[in-house]
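Position 283 of the sequence shown, counted from 1, bears residue number 302 in this note's numbering, the numbering being contiguous throughout. Quick reminder that beta carbons are idealized off the backbone N, C-alpha and C, glycines included. Everything below concerns the one structure shown next.
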Amino acid sequence: MSALALAGCTAGTAAEPTASGAADGDLSSIMIAYGSPGEAAEFEVTISDGVESSAEAVGVGFSLYNNKDDGEVALTNAQLMVQAAPDVIVEYSLTSGVNQALGNTFVASGIPCIAVNIETPGCSLINLSNKQAGIDAAKVVAAEAKERGWTAADTTVLAVQCATCGTEVNDSPRYFYVQAAEELGLEEVAPEDITEKTTAEGANLIQVDGGTARDTSYDAMKAALQAIPEDRHLLVFSPNDDLTLGAWRALDEAGRNDNTLIGGNNGSPEGLEQLRTNPSWVVEGTLFLPQWGQYIIAMAVAVAQGATPPELTPLPQFAMDKETVELYYPDGATVATKLPPLQPDAEYLAATGVLQKLGFVEGLD
20 MSALALAGCT AGTAAEPTAS GAADGDLSSI MIAYGSPGEA AEFEVTISDG
70 VESSAEAVGV GFSLYNNKDD GEVALTNAQL MVQAAPDVIV EYSLTSGVNQ
120 ALGNTFVASG IPCIAVNIET PGCSLINLSN KQAGIDAAKV VAAEAKERGW
170 TAADTTVLAV QCATCGTEVN DSPRYFYVQA AEELGLEEVA PEDITEKTTA
220 EGANLIQVDG GTARDTSYDA MKAALQAIPE DRHLLVFSPN DDLTLGAWRA
270 LDEAGRNDNT LIGGNNGSPE GLEQLRTNPS WVVEGTLFLP QWGQYIIAMA
320 VAVAQGATPP ELTPLPQFAM DKETVELYYP DGATVATKLP PLQPDAEYLA
370 ATGVLQKLGF VEGLD
């Protein structure tokens, strides 16, 4: 999951689409072309399947172009999508170095475009906020730490980063520390001072590079623990469940369970299981990946109907604790049964009626 870049931007105000976007209307005249990232990772398939099924459910015209995790294929597909002359192009490219060229192609065509998860210049962006994921998780973990009587004098935050994944991805552990420091009175560290090269800062922060996999995260955490007193209370967070699960294995083997509060970020089946059964795993950020397609198709319809999106249209995300997990994943479910209410900068999507027809978003009739 580390390839999933959870970038965040400052949002603006969206212009509303026309009233003709009601979901009980005929949307078959709207044509959407979607450049999928590929099939190299499970999350790529999950998201693309959701886009395609949502398009089918609401009745828009839809064509999928598989970029096959290859920049040259993505560039070829961009030309093919432009030649097909859809109403909207949706591009999800995870291949570094080609997004500027993709954006140039789309802008030159005059066809409105939407970028998913990764910025494509000239295209409106729909994405998550990594920063918010870290802030929300820290609030849950800090509340539990206070309940247990942990203080700044006896607590260390172990931020597990992915150093090669870039600034935006690592905003989640970075702002986890910033918020935890505010909540618990830890030594404050400015977010810009927590970089991919940071190993320790102040009295309460240790950062380890978990790499991109469970094994690398396990190795990094195992090494870091050797220099931390066994009675020290630990707050642990990473950008995704794989890194958190690797870190947890090292903590468990070292017998640090009782002195650790840890959190995941993805809402994967394993992360959900840990949240439900592991007393130390107290927060799990869910990204609702199978439902991204609902938002993406709603945004594409809105753009086709004349909406001007904000700088960032936020995708759904939520930091679950052991009680609130039941709101979205009841009775042991591993796929969400509903989505949180629209965030303010996504409220314009409701005017299309697409989300109402799909019936997942709270607060939409």
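- Nearest to residue 176 by C-alpha distance, out of 223, 76, 362 and 116, is 223.
- By the beta-carbon neighbour count (other beta carbons within 10 angstroms, threshold 16), residue 248 is exposed.
- Here residue 274 is exposed, its C-beta having fewer than 16 other C-beta atoms within 10 Å.
- The three-state reading of DSSP puts residue 284 in strand, counting E and B together.
- When the Cα atoms are used, residue 286 and residue 368 turn out to be separated by approximately 24 Å.
- In the displayed model, residue 219 falls within a strand according to three-state DSSP.
- Boundaries of the beta strand (DSSP E) around residue 304: 300-305.
- For residue 337, the secondary structure class from DSSP, reduced to helix, strand or coil, is strand.
- DSSP links residue 313 through a beta bridge to no other residue.
- Contact between the stretch 259-271 and the stretch 152-168 is absent, with fewer than three C-beta pairs closer than 8 Å.
- Put simply, the backbone Cα of residue 47 is about 40 Å away from that of residue 261.
- No Cβ-Cβ contact shorter than 8 Å links residue 257 with residue 290.
- Judged by their CB atoms, residue 206 and residue 158 are not nearer to each other than the 8 Å cut-off.
- According to the DSSP assignment, residue 346 belongs to the alpha helix (DSSP H) that extends over 344-347.
- Spanning the alpha carbons of residue 288 and residue 305 requires a straight line of approximately 10 Å.
- The beta carbons of residue 127 and residue 112 sit about 17 Å from each other, so the pair does not count as a contact at 8 Å.
- Of all alpha-carbon atoms in 86, 319 and 65, the one lying nearest the alpha-carbon of residue 55 is that of 86.
- Less than 8 Å separates the beta-carbon of residue 329 from that of residue 364.
- Here DSSP, grouped into helix, strand and coil, assigns residue 148 to coil.
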